[in-house]
Amino acid sequence: MQVALDDYVRAAGVATDLVNTAPEVWHGEDKLPDLDSLAAFAELHSIPVNTRPSDLRAVHRLRATVRDLIDHPTRDRLVTGATALTSSIGEVSLDATSGRARWTVSLRQGATVADALSLICGVGILGVVQSLDVARFRACGAPTCRGVFIDTTRPGRRRYCMPGLCGNRVNVANHRARKASVLHDA
Ligand SMILES: [Zn+2]
1 MQVALDDYVR
11 AAGVATDLVN
21 TAPEVWHGED
31 KLPDLDSLAA
41 FAELHSIPVN
51 TRPSDLRAVH
61 RLRATVRDLI
71 DHPTRDRLVT
81 GATALTSSIG
91 EVSLDATSGR
101 ARWTVSLRQG
111 ATVADALSLI
121 CGVGILGVVQ
131 SLDVARFRAC
141 GAPTCRGVFI
151 DTTRPGRRRY
161 CMPGLCGNRV
171 NVANHRARKA
181 SVLHDA
């Protein structure tokens with residue numbers, strides 16, 4: 001498996017999705033509780049690597065590490081932390097199979113899902129620090145949500161960790177509040 005070093009948007013999206021599977025975001029419920037759910041997560045993100053029993057704990061550790069990096073986004077910490085995530089992985093090369101050659105890094109033989117996710121999270125974080133800014137690492141704007149995200153949108157105004165879910169919740173709450181104040185004023 002290869003990860004294109006310039007495709008940090010996809011990689012940062014995987015990192016965001018990974019940290020938001022944690023029980024602290026779901027009132028105690030872990031969205032990656034077992035190997036099956038981890039395999040499904042890998043498939044959803046087109047990570048073609050087999051899942052091994054030892055991966056589950058490794059991915060939970062990785063999830064906590066990435067969360068900690070997003071929670072404390074100073075440049076030095078992000079660069080050092082993300083570099084550590086990619087350190088055991090493989091080789092940097094150019095993929096020239098499709099037109100323009102791209103920088104890539106390849107997973108070594110025998111790498112696990114935990115290795116793949118570690119590489120992807122590392123590339124995503126480094127790419128965002130390099131191409132965007134540390135201000136792109138943020139907490140969800142929904143008052144009741146404990147999720148976090150890496151904002152890779154062009155304008156950089158993303159507000160929610162899961163826009164479809166947290167954004168809608170806030171909209172519904174605002175709508176109710178407006179309705180209540182209209183009734184109150186009447
Ligand atoms: Zn949220």
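Quick note: the sequence shown, position 158, residue 158 per the UniProt record's numbering, numbers continuous.
Every residue gets a Cβ at the ideal spot worked out from N, C-alpha and C, and that includes glycine.
Handout entry: C-beta neighbour in chain B for Pro73, strict 8 Å
Key = The structure shown contains no chain B, having only a single protein chain.
Exercise for the section: Provide the residue(s) that pair with Thr104 in DSSP beta bridges, ordered along the chain. Expected result: Numbered from 1 along the sequence shown, position 104 holds the residue referred to as residue 104. Looking at the DSSP output, Thr104 bridges to Ala4, Ser93.
Handout entry: First and last residue of the uninterrupted alpha helix (DSSP H) at Arg67
Key = Within the sequence shown, numbered from 1, the residue matching residue 67 stands at position 67. It spans 55-71 - the alpha helix (DSSP H) in which Arg67 sits, taken as one unbroken run.
Practice task
Using the beta-carbon of each residue, find all residues closer than 6 Å to any heavy atom of ligand 1 and list them in chain order.
Solution key: Matched residues: Cys140, Ala142, Cys145, Gly147, Tyr160, Cys161, Met162, Cys166.
Practice task
Enumerate in chain order the residues of its own chain whose CB-to-CB distance from residue 187 is below 8 Å, with the five nearest sequence positions on each side excluded.
Solution key: Nothing can be reported for residue 187: it is not among the residues displayed for the chain, which extend from 1 to 186.
Handout entry: Coil, strand or helix - Val111 by DSSP
Key = By 1-based counting over the sequence shown, the position of residue 111 is 111. Before going further, note that residue 111 is Ala rather than Val in the sequence given. In this structure, Ala111 counts as coil in the three-state DSSP scheme.
Practice task
Tell me whether the beta-carbon of Arg146 lies closer than 8 Å to the beta-carbon of Glu29.
Solution key: Against the sequence shown, residue 146 aligns to sequence position 146. Against the sequence shown, residue 29 aligns to sequence position 29. Not closer than 8 Å, so no.
Handout entry: Per-residue burial, Val113 [other beta carbons within 10 Å of its own, 16 or more giving buried]
Key = The sequence position of residue 113 within the sequence shown is 113, counting from 1. Here Val113 is buried, its C-beta having at least 16 other C-beta atoms within 10 Å.
Problem - Residue span of the beta strand (DSSP E) that contains Arg138, given as start and end - result: Here residue 138 is taken as the residue at index 138 of the sequence shown, counted from 1. Looking at the DSSP string, the run of the beta strand (DSSP E) that includes Arg138 is 137-139.
Handout entry: Three-state class that DSSP yields for Val49 in the structure shown
Key = By 1-based counting over the sequence shown, the position of residue 49 is 49. In this structure, Val49 counts as coil in the three-state DSSP scheme.
Handout entry: Host alpha helix (DSSP H) of Val148 (start-end)
Key = The residue labelled residue 148 in the question sits at position 148 within the sequence shown. If you look at Val148, you'll find it isn't in any alpha helix (DSSP H); it sits in the beta strand (DSSP E) that goes 148-150.
Practice task
Quick one: measure Cβ to Cβ for Asp115 and Ser93, integer angstroms, because I've assumed they're closer than 8 Å.
Solution key: Numbered from 1 along the sequence shown, position 115 holds the residue referred to as residue 115. Numbered from 1 along the sequence shown, position 93 holds the residue referred to as residue 93. Taking 8 Å as the upper bound for CB-CB distance, Asp115 and Ser93 are not in contact here, some 17 Å apart.
Handout entry: Ile125 beta carbon less than 8 Å from that of Leu38
Key = The sequence position of residue 38 within the sequence shown is 38, counting from 1. The sequence position of residue 125 within the sequence shown is 125, counting from 1. Cβ distance not < 8 Å, so Leu38 and Ile125 don't count as in contact.
Handout entry: Nearest residue (CA-CA) to Arg159, options Ser181, Ala135, Leu56
Key = Working through the sequence shown from its first residue, we reach residue 159 at position 159. Just measuring C-alpha positions, the residue of Ser181, Ala135, Leu56 sitting nearest Arg159 is Ala135.
Practice task
Look at the Cβ atom of Gly127, then the Cβ atom of Arg108, and state whether they are nearer than 8 Å.
Solution key: Within the sequence shown, the letter at position 127 stands for residue 127. Within the sequence shown, the letter at position 108 stands for residue 108. Going by beta carbons, Gly127 and Arg108 fall outside the 8 Å limit.
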